[in-house]
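See structure below.
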Amino acid sequence: MRILIVGNGGREHVLAWKIRRDSPSSEIFSTRPNGGMLIDSQPVDISPGDIESITEWSVSQDVDLVVVGPEGPLASGLVDLLGSKGVPVFGPSKAASRIESSKIYSKTLMKQIGIPTADFKSFTNSIDALSYIKKRGGAMVVKASGLAAGKGAIVCGNVDDAARALTNIMTNSTFGRAGREVVIEEFMEGEELSVFALSDGQDSCLMLPSQDHKRIGEGDSGPNTGGMGAYTPISLATDALLSQIQDEIIQPILSGLAKDDSEFRGLLYAGIMLTDAGPKVVEFNCRFGDPETQAVLPLLASSLLDPMMAIANGESISGLKLHWSGKAALTTVLASSGYPEEYPKGLPIHIPEEIADDPHALIFHAGTSMSPSGLVTSGGRVIAATGLADTLTEAASKSREIANKIEFEGKQFRNDIGWRELSRSDTQLS
Ligand code: AMP
Ligand code: GLY
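All you need for the numbering used here is the position in the sequence shown, starting with 1, plus 15.
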């Protein structure tokens, strides 16, 4: 089989790694891969955002499956274009991707269907938005409606902070066009859960839930990032809670999208807040989470490729059961100094060989590239270091051990990924 992975970040590295294990004989290609993806895939020199060239290449190479990692090409209509040429593709259409690419669309649809989420109002005019902020008062969240690399939501403790966030988003265009419309919403209190659901458009199959750490600083402080670490399993996420999330959130949004001529085929990611009043949606994403995928997929014992192929070919996944290893996984993101603001690139990275020989240590590259002189940094989030073990405590110490051993100038990482779960208890998992 010939498989193309679109994207070149940490998530796409895990996808390549998993698909390679699911199908060792397949030829796997990836668009401008990072330094780590070169192990499991062959490079194709096309930008992940160049949807016309990707389509042309896939047709000319007789590709059997395209797996689209990032939201950008999904929102630009890559799936529609590939579909129009008969190329099987895993990922939602442009219309279905609006569940992530337009917060206004997503919030309005949730409200229509009655899916629990924070109260909100949307604005295209900053004067109206400001007067709403003043009227609302207290803590609130100001969000750019469009795509902003996971950084477009600003949690504000008071009116002044919210007014400043609004000026940044709407007047200073910090997130570019994504901030031409804003959503201002109620602040929800609770723990967050990332729930991935494979969907054929009608039925869904949940994956292991995980928790992400979006803030840059330890103790979950400082600005939001794309994600600084993640782990699974989560003891709060009982089977009963997951069934409730599937019945009251995932299935209703899938039917809402289908009714809106936007059937969702691919991976739906629900960001959930576990509030005192029950689970509520923080956001939907139209693709795998990064870095949650670096923790979740290494525990998937059964094939990911088979359900992806089925979904891409328009088949049903009704009755699908995924099998999990029963272990724990924790991933720590190593970031460049300065991230999530400006950061340097091109710094040499040293990964000790002993890590490659450790079956409980996995390295997933994100912002790395292979230069003539060796592996160098090329992004804000550089590498995700995943530790695997029977308990989360052991997985955490393995992940931190690897994070300490990998070297590049200015490396920063959080030493406390998983702190909520670790402070609860550490049940033996297998
Ligand atoms: P989003 O881009 O919508 O996923 O938001 C990014 C992060 O901001 C979330 O993971 C939460 O940590 C936080 N956040 C977003 N919306 C809310 C909300 N309504 N209440 C509390 N925190 C929120
Ligand atoms: N880790 C958050 C995201 O992928 O959006």
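Every residue, glycine too, gets a C-beta built ideally from N, C-alpha and C.
query: Whole runs of the beta strand (DSSP E) within the stretch 359–419, excluding any shorter than 3 residues; result: 376–380, 383–386, 389–392 and 396–404
query: Host alpha helix (DSSP H) of Gly25 (start-end); result: Gly25 to Asp37
query: DSSP three-state assignment for Asn183, whether helix, strand or coil; result: helix
query: Contact check, Leu257 vs Leu315, beta carbons under 8 Å; result: no
query: Separation of Gly153 from Gly64, as counted between CA atoms; result: 40 Å
query: Residues near Pro58 in its chain [Cβ-Cβ closer than 6 Å; skip 5 each side]; result: Pro48
query: Distance, Phe303 Cα to Leu7 Cα; result: Residue 7 cannot be examined here, being either before or after the span of the chain that is shown, 16 to 445.
query: Candidates Leu283, Ile54, Val81 and Ser438, of which the one nearest Met324 by Cα; result: Val81
query: For Tyr120, three-class secondary structure by DSSP; result: helix
query: Residues near Ser445 by beta carbon distance below 7 Å, same chain, minus five either side; result: With a pLDDT of 40 at Ser445, under the threshold of 50, the modelled position of that residue is not reliable, and no figure is offered here.
query: Selection from Ala177, Ser188, Leu269 and Val210 that minimises the alpha carbon distance to Glu200; result: Ala177
query: Distance between beta carbons of Ala212 and Leu283, contact taken as under 8 Å; result: 5 Å
query: Sheet register partners of Met203 (DSSP bridge); result: Bridge partners of Met203: none, in fact.
query: Opposing strand residues paired with Asn430 [DSSP bridges]; result: The partner list for Asn430 (beta bridge, DSSP) is empty, contrary to what the question assumes.
query: DSSP bridge partner residues for Cys171 (one or two, in chain order); result: Met155
query: Close Cβ partners of Asn300 (< 6 Å) along its chain, the five nearest in sequence each way excluded; result: Glu115 and Tyr284
query: Beta-carbon gap between Gly529 and Ala376 smaller than 8 Å; result: What is shown of the chain runs 16 to 445, which leaves residue 529 out entirely.
query: Close beta carbons around Ser38, own chain, < 7 Å, minus the five adjacent residues each side; result: Met16 and Leu320
query: Beta carbon of Lys305 nearer than 8 Å to that of Gly87; result: Checking the sequence, you will find Asp at residue 305 rather than Lys. No. Outside cutoff.
query: Span of the alpha helix (DSSP H), counted from its first residue to its last, around Met243; result: No alpha helix (DSSP H) holds Met243; DSSP gives it neither H nor E.
query: Cβ neighbours of Arg192 in the same chain (closer than 7 Å, five flanking residues each side left out); result: Gly161
query: Which of helix, strand or coil DSSP assigns to Gln76; result: coil
query: Endpoints, the alpha helix (DSSP H) within which Val311 is located; result: Glu307 to Val311
query: Nearest neighbour of Gly50, chosen from Ile366, Ile184 and Ala133 [CA to CA]; result: Ile366
query: Beta carbon of Glu436 nearer than 8 Å to that of Leu407; result: yes
query: Which listed residue (Gly241, Ala273, Gln259 and Glu368) has its alpha carbon closest to that of Ser351; result: Gly241
query: Ile34 vs Ser45 beta-carbon contact at 8 Å; result: no
query: Proximity test, Lys158 beta-carbon vs the ligand AMP heavy atom, cut-off 7 Å; result: yes
query: Met479: CB within 7 Å of a non-hydrogen atom of the ligand AMP; result: With the chain covering 16 to 445 only, the question about residue 479 has no answer from this structure.
query: Own chain partners of Val102 with C-beta closer than 8 Å, once the 5 adjacent residues on each side are dropped; result: Thr70, Ser73, Val74, Val78 and Val81
query: The ligand AMP heavy atom lying under 7 Å from the CB of Phe190; result: no
query: Other residues of its chain near Thr383: CB distance less than 8 Å, five sequence neighbours each side excluded; result: Asn49, Gly50, Gly51, Ile364, Leu390, Val391, Thr392, Ser393, Gly394, Val397 and Ile398
query: Terminal residues of the beta strand (DSSP E) in which Val296 lies; result: Gly293 to Asn300
query: Pairwise C-alpha distance: Pro85 and Arg429; result: 24 Å
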